[in-house]
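**Student:** Pasting in a structure now, in structure tokens, and then I'll have a few things to ask.
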């Protein structure tokens, strides 16, 4: 009740200021202090409130963003959100580092069969399900303009690839919130991370093929074999050096960890942007290094190679909350309700087919491995989340397909809205049912032992 | 790219500085406060600024302005949270009267001295009174940290003297923040964008009310079961929100957060815990704050240096004289009778002095304002540097230590 009361007071206060001084809200000083502080507090309080009704806090942060964002209450205009974008980038790098730190080789080795099964099973099944739906069914429904068969094939492949993408940030946020520790949560995080990398590779490949099959090729397939491996390798290499540097920091300084991590996140995001801008003039093509991959690999190397992960884990545990709150609240403000409203039937159908694909894959894998049926259900519930990378990659589709691309982009955004709302709730439920959610008070399910 | 380099450099320097500053104590050397309180970072900022290296140029400084606003709120909250009635009550009510008289005396002496001086250099300036008032109010501030650091290295018998000095300095700081909050209300910004169309006293009252509201919200949230991370988030969120609100309304974030901190200190059972929490993230932030402030420093002419030296001297004399008359009456029953020299122990200005200077720069001395206001900021910062150099001599004189 206290949280709700404070939230109402803050919303009223911000509303009064917004009404009284609308022109002042265009000042960066106001956006980065008043607006940022308001978003942080409102999303946090909303998250605490949703936790009371047993939903993930992350869902609360997202809903706060949606409610306060430009589509509903309009407390944040799209222009004012631009000045907060750098906070979003910092948070993403931070979360990626944290995800890398969670991956411990000695633990993962123990369940390599499950991991490899899911890493192969989910992408193949989800890709095939979505591909078939889009290639055969969608043109008959009249949603897209007619395309030549080759282009239609590649478009369906692009969208099939996007359907594989998960959200490592959401997965990690729910794991942290539930204080989950164990084989199940670790395997989910590991598969989620690997699939995100896989999506980036596959999507770039299909996008290049789309260019090659159309008259105005944007990227040549020849370049592609250099560009993608170069980007991946360089990202991993940078991740390695970053991990080494961070291990040196632990050895010699070991203080003000949060401050240092923020600097690292800042440098990585800005450096990759600067490299993308300057590399074309030097090496002939634009080098898009993924801050997500750099930070994730840095975290992984720190934990498994340099053995200095503990310091950063503690640091992140002490400070993850503001980062998650801001990140997901900002993500919420970016979720397009307009898109969802205009295409909700298609989006529900698309999301439903994707979820079906995920469940089929998880059950199939568990059956092959001889695991109980329930395990397949739990994994199925854990791989619904979708955000981040998917939104970024989906944004490339209208550029590649000017005709009908916008409709597809709207559809994808609507699907992401559904997955991002349903996914964390389902994953939290799966963690609770797996018995690994130590931070959640668990109600006994079914009859008690005494009965 | 320049902003990235600048911020990175600031961060590295703050980290490096944090390792050196606040840690090693060299009480026997004059000027040691200069390094102990991190004041040298004002000079580092000056070197990084437009005057020398140009890394923190005007456009970069514009982008980091929000950081200064948050810094002001943070300093206000820290000052407020230390004002617990229970602790303050140990010195008796009459003490407050004498300290108030002492403050009034310092204000009058500094104002009189500076008025004469500034009228000579800026005879017809319409902002002359405002400038003198700002400098006089800032003259009241004393850095408690410097006194605490010095007292760590004096004999145990003299420690109560340190507590008294800290008590006087904290009371002076409150007077300075309140008066500054009032002054800010009297000034309508020349630039559009900030400032509510209210009368000065209305602004002052609005500031106090919003401070109470922020304090109560903080208190309500802190009464629920919270982890440490939740508390950090709430404090950061409220400081950002309060700072932004103060900027938008043209009121003082220092005063607003001082009130909020006082509410928390006196009505919450966990104020000590909150204070420690604030301190944990304060140091690197404070050093960045100092560096950005230093980057705003411009010594355009020898006049600025001259005025700064004059200001520091007038301030020192005022504290010395007023202390001799009033402060010895503050603690008549103390175990170690305070001497007439007590005022000389209150010369270090650091923390709050810089905060008031930055507050003045952000709220009043915008680029379109008159030269006298821009000169005032530089005079203030230079005087703070000078005071850090001479304050150990004052404390050595008071405590009779080398």
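Chains as they are written, first to last, in our numbering: chain B, -17 to 433; chain F, 1046 to 1447. Glycine included, C-beta positions come from ideal geometry on N, C-alpha and C.
(1) Taking residue 1319(F) as the query, report the chain B residues whose CB atoms sit under 9 Å from its CB, ordered along the chain.
(2) Using 8 Å as the Cβ pair cut-off and three pairs as the minimum, do the region 1388 to 1408 of chain F and the region 1422 to 1442 of chain F touch?
(3) Taking only three categories from DSSP, how would you classify residue 9(B)?
(4) Report the residues of the region 2 to 23 of chain B with a CB closer than 9 Å to any CB of chain F, ordered along the chain.
(5) Return the chain-ordered ranges of every alpha helix (DSSP H) run that is complete within the region 1289 to 1344 of chain F and spans a minimum of 4 residues.
(6) Please classify residue 118(B) as buried or exposed, where buried requires at least 16 neighbouring CB atoms within 10 angstroms.
(7) Would you call residue 1189(F) buried or exposed, if buried means 16 or more other Cβ atoms sit within 10 Å of its Cβ?
(8) Taking three-plus beta-carbon pairs below 8 Å as touching, is the region 1215 to 1225 of chain F in contact with the region 1259 to 1272 of chain F?
(9) Can you give me the C-alpha to C-alpha distance between residue 17(B) and residue 72(B), rounded to a whole angstrom?
(10) Taking buried to mean at least 16 other C-beta atoms within 10 Å of its own C-beta, is residue 1237(F) buried or exposed?
(11) Out of curiosity, what's the CA-to-CA distance linking residue 1147(F) and residue 48(B)?
(12) Would you please verify whether the beta carbon of residue 1269(F) is less than 7 Å from any beta carbon of chain B?
(13) What is the rounded straight-line gap between the Cα of residue 1373(F) and the Cα of residue 1227(F)?
(14) Give every residue of the same chain whose Cβ lies closer than 8 Å to the Cβ of residue 116(B), excluding the five residues on either side of it in the sequence, and list them in chain order.
(15) Do the CB positions of residue 271(B) and residue 70(B) come within less than 7 Å of each other?
(16) Could you tell me the alpha carbon to alpha carbon distance between residue 1151(F) and residue 1348(F), rounded to whole angstroms?
(17) Using a threshold of 7 Å, state whether the C-beta atoms of residue 1229(F) and residue 1297(F) are closer than that.
(18) If you reduce the DSSP assignment to three classes, tell me which class residue 1101(F) lands in.
(19) Using a Cβ distance threshold of 8 Å, determine whether the region 90 to 97 of chain B contacts the region 158 to 176 of chain B, with at least three qualifying pairs required.
(20) What residue range does the alpha helix (DSSP H) around residue 1171(F) cover?
(21) I'd like to confirm something about residue 1368(F): is its beta-carbon nearer than 6 Å to some heavy atom of the ligand COA, or not?
(22) Leaving out five residues on either side along the sequence, give the residues of the same chain with a beta carbon under 7 Å from the beta carbon of residue 401(B).
(23) Can you give the Cα-Cα distance for residue 1320(F) and residue 301(B), rounded to whole angstroms?
(24) I'd like to know if residue -16(B) contacts chain F, where contact means its C-beta is closer than 7 Å to some C-beta of that chain.
(25) Answer yes if the region 45 to 65 of chain B comes into contact with the region 242 to 261 of chain B, meaning at least three C-beta pairs across the two stretches below 8 Å, and no otherwise.
(26) Please classify residue -6(B): is it buried, with 16 or more other beta-carbons within 10 angstroms of its beta-carbon, or exposed?
(27) What is the DSSP secondary structure of residue 162(B), counted as helix, strand or coil?
(28) Strictly below 7 Å CB to CB, what residues from chain B border residue 1014(F)?
(29) For residue 351(B), collect the residues of the same chain with a Cβ closer than 7 Å to its Cβ; drop the 5 residues on either side in sequence, then sort them by chain order.
(30) In three-state DSSP terms, what is residue 419(B)?
(31) Below 7 Å between beta carbons: does that hold for residue 11(B) and residue 1110(F)?
(32) Can you find a C-beta in chain F that's less than 7 Å from the C-beta of residue 241(B)?
(33) For residue 1094(F), which three-state DSSP category applies?
(34) Excluding the five sequence neighbours on either side, which residues of its own chain have a C-beta within less than 8 Å of the C-beta of residue 1442(F), listed in chain order?
**Tutor:** Answer, in terms of the structure:
(1) Here the question's residue 1319(F) lines up with position 274 in the second chain. Neighbours of residue 1319(F) on chain B: none; closest Cβ ~16 Å, over 9 Å.
(2) With a cut-off of 8 Å, the region 1422 to 1442 of chain F and the region 1388 to 1408 of chain F count as touching, because enough Cβ pairs lie within range.
(3) Along the first chain, one-based indexing puts residue 9(B) at 27. DSSP places residue 9(B) in coil when its eight states are reduced to three.
(4) Residues passing the 9 Å Cβ filter: 2, 3, 5, 6, 7, 8, 9, 10, 11, 12, 13, 14, 15, 16, 17, 18, 19, 20, 21, 22 and 23.
(5) For the region 1289 to 1344 of chain F, the continuous alpha helix (DSSP H) assignments of 4+ residues that do not extend past its boundaries occur at 1298 to 1312, 1316 to 1325 and 1327 to 1340, in sequence order.
(6) Numbered from its first residue, the first chain carries residue 118(B) at position 136. By the 10 Å Cβ count, residue 118(B) comes out exposed.
(7) Taking the second chain and counting its residues from 1, the one referred to as residue 1189(F) is at position 144. By the 16-neighbour rule on beta-carbons within 10 angstroms, residue 1189(F) is buried.
(8) No, because fewer than three Cβ pairs between the region 1215 to 1225 of chain F and the region 1259 to 1272 of chain F fall closer than 8 Å, the two stretches do not touch.
(9) For the purposes of this step, residue 17(B) is identified with residue 35 of the first chain, where counting begins at 1. For the purposes of this step, residue 72(B) is identified with residue 90 of the first chain, where counting begins at 1. Spanning the two alpha carbons is a distance of roughly 18 Å.
(10) On the second chain, residue 1237(F) is found 192 positions in, with the first residue counted as 1. Note that residue 1237(F) scores 43 on pLDDT, short of 50, meaning its location in the model is unreliable; the coordinates nonetheless yield the value given after this. When all chains shown are included, residue 1237(F) counts as exposed.
(11) Along the second chain, read from residue 1 onward, the residue named residue 1147(F) stands at position 102. Along the first chain, read from residue 1 onward, the residue named residue 48(B) stands at position 66. A straight-line Cα-Cα distance of about 55 Å links residue 1147(F) and residue 48(B).
(12) Numbered from its first residue, the second chain carries residue 1269(F) at position 224. Yes, its Cβ sits closer than 7 Å to a Cβ of chain B.
(13) As a position in the second chain, residue 1373(F) is number 328, starting the count at 1. As a position in the second chain, residue 1227(F) is number 182, starting the count at 1. Each residue's alpha carbon lies about 29 Å from the other.
(14) The residue given as residue 116(B) occupies position 134 in the first chain. 137, 138, 141 and 142, listed in sequence order.
(15) For this step, residue 271(B) is matched to residue 289 along the first chain. For this step, residue 70(B) is matched to residue 88 along the first chain. No, the Cβ-Cβ distance between residue 271(B) and residue 70(B) is not below 7 Å.
(16) Taking the first residue of the second chain as 1, we reach residue 1151(F) at position 106. Taking the first residue of the second chain as 1, we reach residue 1348(F) at position 303. If I take the Cα positions, the gap works out to 24 Å.
(17) Here the question's residue 1229(F) lines up with position 184 in the second chain. Here the question's residue 1297(F) lines up with position 252 in the second chain. Between residue 1229(F) and residue 1297(F), the C-beta gap is smaller than 7 Å, which places the two residues in contact.
(18) Position 56 of the second chain holds residue 1101(F). Note: residue 1101(F) maps to strand in three-state DSSP.
(19) A contact exists between the region 90 to 97 of chain B and the region 158 to 176 of chain B.
(20) Within the second chain, the letter at position 126 stands for residue 1171(F). Taken as a continuous stretch (DSSP letters only), residue 1171(F) belongs to no alpha helix (DSSP H), as it is neither H nor E.
(21) No copy of the ligand COA appears in this structure; indeed no ligand is present at all.
(22) Here residue 401(B) is taken as the residue at index 419 of the first chain, counted from 1. Around residue 401(B): 333, 366, 367 and 368.
(23) Walking along the second chain from the start, residue 1320(F) turns up at place 275. Walking along the first chain from the start, residue 301(B) turns up at place 319. When rounded, the distance between both Cα atoms is 18 Å.
(24) Numbered from 1 along the first chain, position 2 holds the residue referred to as residue -16(B). Any Cβ of chain F closer than 7 Å to the Cβ of residue -16(B) would place that residue at the interface, and such an atom is present.
(25) The region 242 to 261 of chain B, when compared against the region 45 to 65 of chain B, does not touch it at the 8 Å Cβ threshold.
(26) Here residue -6(B) refers to the residue found at position 12 of the first chain. By the neighbour-count rule (16 or more Cβ atoms within 10 Å), residue -6(B) is not buried but exposed.
(27) In the first chain, residue 162(B) corresponds to position 180, counting from 1. Looking at residue 162(B) - three-state DSSP - the assignment turns out to be strand.
(28) Past the boundaries of the shown model lies residue 1014(F); chain F is included only from 1046 to 1447, so the question cannot be answered.
(29) As a working mapping, residue 351(B) is identified with position 369 in the first chain. The residues are 95, 96 and 99.
(30) By one-based count along the first chain, residue 419(B) stands at place 437. DSSP places residue 419(B) in strand when its eight states are reduced to three.
(31) Residue mapping note: residue 11(B) aligns to position 29 of the first chain, counting from 1. Residue mapping note: residue 1110(F) aligns to position 65 of the second chain, counting from 1. Yes, they are a contact pair.
(32) Residue numbering aside, residue 241(B) sits at position 259 when the first chain is read from its first letter. Yes, residue 241(B) counts as interfacial toward chain F.
(33) Position 49 of the second chain, counting from 1, holds the residue named residue 1094(F). For residue 1094(F), the three-state secondary structure derived from DSSP is strand.
(34) Numbered from its first residue, the second chain carries residue 1442(F) at position 397. Excluding positions up to five away in sequence, the list reads 1386, 1389 and 1390.
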